[in-house]
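> What follows is a single structure, and I will ask about it in a moment.
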Amino acid sequence: TVYVGSRDGKFYALDVLTGSQKWVYTTRVEPSDPNSPFNEAPIVAPAAISEDGSTVFFGAENMHWYALNTANGTERWAPKQLVGQSFLYTWPVVRGNTVIVRTMSSLAGAEWLMESVLDSLSANPIWAEERTAVLNWLAQNPHQKTLYVFDVATGVEPYQVAMGRVTGNNFPAHPAVVDNQNRVLTY
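In the working numbering, the protein residues as written are 1 to 187.
Okay, here's the thing in structure tokens:
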């Protein structure tokens with residue numbers, strides 16, 4: 001099976017041998033609103049499949065994040081509305097029981113928002129001090145978040161990554177990658 005997101009706001013499962021459609025899913029908002037102008041939002045970034053092959057993950061330009069059953073296209077969990085302006089130039093990364101995704105910042109000058117937080121730390125701070133400061137800042141400014149980690153099965157965020165803004169408006173965040181030692185790396 002080949003899984004393809006489209007600018008028509010639909011996500012398709014196609015038989016790789018025949019090209020015939022197995023199922024189709026139309027993007028929507030959550031909570032569900034059939035009259036929302038954000039239903040059928042374009043899908044412009046690649047998808048990822050869970051390690052067991054049962055779930056496909058993708059984002060649409062209505063800034064909702066989806067998890068679908070690969071067998072029939074039904075939702076594994078309700079779409080999640082994320083912060084940002086786009087999923088363009090990013091891709092999700094699956095590692096074990098988690099899926100990691102970045103969004104593009106929607107704020108001009110966002111790359112400078114963390115400067116005051118980091119400047120307020122002691123000279124040569126240890127990582128634990130930086131981590132605590134960034135997590136506290138994100139807790140107070142959830143609209144600044146661009147890096148998400150979800151449990152593959154439930155869609156729950158098992159933890160918050162201490163990752164502040166590193167890009168500005170209209171500049172995509174660097175997607176996460178998994179290196180040859182199975183570590184997740186981000187910038």
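From the three backbone atoms N, C-alpha and C, an ideal C-beta is built for every residue, glycine too. What you are looking at is a predicted structure, and each value in this text was computed from that prediction instead of being measured.
Looking at the structure shown, is Asp-33 part of a helix, part of a strand, or coil, going by DSSP?
For the purposes of this step, residue 33 is identified with residue 33 of the sequence shown, where counting begins at 1. Three-state result, Asp-33: coil.
> What does a CB cutoff of less than 8 angstroms around Val-83 pick up in its chain, not counting 5 residues either side in sequence?
Within the sequence shown, numbered from 1, the residue matching residue 83 stands at position 83. Closer than 8 angstroms at the Cβ level, and outside the excluded window around Val-83, lie Met-63, Thr-103, Ser-106, Pro-142, His-143, Gln-144, Lys-145 and Thr-146.
> Hey, quick one: how far does the alpha helix (DSSP H) through Ala-60 stretch, first residue to last?
As a first step, residue 60 must be located in the sequence shown, where it is residue number 60. Unbroken run through Ala-60 is the beta strand (DSSP E), 55-60; no alpha helix (DSSP H).
> Going by the CB atoms, is the gap between Glu-30 and Gln-81 shorter than 8 angstroms?
For the purposes of this step, residue 81 is identified with residue 81 of the sequence shown, where counting begins at 1. For the purposes of this step, residue 30 is identified with residue 30 of the sequence shown, where counting begins at 1. Yes, the pair counts as a contact, with Cβ atoms nearer than the cut-off.
> For Leu-185, count the other beta carbons within 10 Å of its own beta carbon; 16 or more makes it buried, fewer makes it exposed. Which is it?
Taking the sequence shown and counting its residues from 1, the one referred to as residue 185 is at position 185. With fewer than 16 other CB atoms across the displayed protein chains lying within 10 angstroms of its CB, Leu-185 is exposed.
> With distances taken Cα to Cα, identify the nearest neighbour of Gly-73 among Val-24, Asp-179, Val-101 and Thr-90.
Translated into positions along the sequence shown, residue 73 becomes position 73. Among Val-24, Asp-179, Val-101 and Thr-90, the Cα nearest to that of Gly-73 belongs to Val-24.
> Phe-150 bridges to which residues according to DSSP?
What you label residue 150 is simply residue 150 of the sequence shown in a count that begins at 1. Here Phe-150 is bridged, per DSSP, to Val-99.
> Quick one: what's got a C-beta closer than 6 angstroms to Phe-38's C-beta in the same chain, skipping five residues either side?
Reading the sequence shown from its first residue, position 38 is the one you call residue 38. So the qualifying residues of the chain are Val-29 and Asn-62.
> State the DSSP-derived secondary structure class of Arg-28, mapped to helix, strand or coil.
Counting from one through the sequence shown, the residue named residue 28 turns up at place 28. Here Arg-28 sits in coil by DSSP.
> Which residues share a DSSP beta bridge with Ser-86?
Translated into positions along the sequence shown, residue 86 becomes position 86. DSSP, once it has assigned bridges, lists Met-104 as partnering Ser-86.
> According to DSSP, is Glu-51 part of a helix, a strand, or is it coil?
Position 51 of the sequence shown holds residue 51. Correct three-state label for Glu-51: coil.
> Where DSSP assigns a beta bridge to Ala-13, which residues make up the other side?
Within the sequence shown, residue 13 is the residue found at index 13, counting from 1. Answer is Tyr-3 and Trp-23.
> So is Gly-59 buried or exposed if we call it buried at 16+ other beta carbons inside 10 Å?
In the sequence shown, the residue the question calls residue 59 occupies position 59. It counts as buried.
> Where does the unbroken alpha helix (DSSP H) through Asn-136 begin, and where does it stop?
The count along the sequence shown starts at 1 and reaches residue 136 at position 136. Segment 127-140, the alpha helix (DSSP H) holding Asn-136.
> Excluding the 5 residues preceding and the 5 following Asp-151 in the sequence, name in chain order all residues of the same chain whose CB lies nearer than 7 angstroms to its CB.
Here residue 151 corresponds to residue number 151 of the sequence shown, with the count starting at 1. Result list for Asp-151: Asn-97, Thr-98 and Pro-158, in chain order.
> According to DSSP, His-64 sits in a beta bridge with which residue or residues?
The sequence position of residue 64 within the sequence shown is 64, counting from 1. Paired residues: Ala-60 and Gln-81.
> Can you round the beta-carbon distance between Pro-79 and Phe-57 to whole angstroms, since I take them to be within the 8 angstroms contact cut?
Taking the first residue of the sequence shown as position 1, residue 79 is located at position 79. Taking the first residue of the sequence shown as position 1, residue 57 is located at position 57. Their Cβ separation, rounded to whole angstroms, is 11 angstroms, which puts Pro-79 and Phe-57 out of contact at 8 angstroms.
> Quick check on DSSP: helix, strand or coil for Val-117?
Here residue 117 corresponds to residue number 117 of the sequence shown, with the count starting at 1. Correct three-state label for Val-117: helix.
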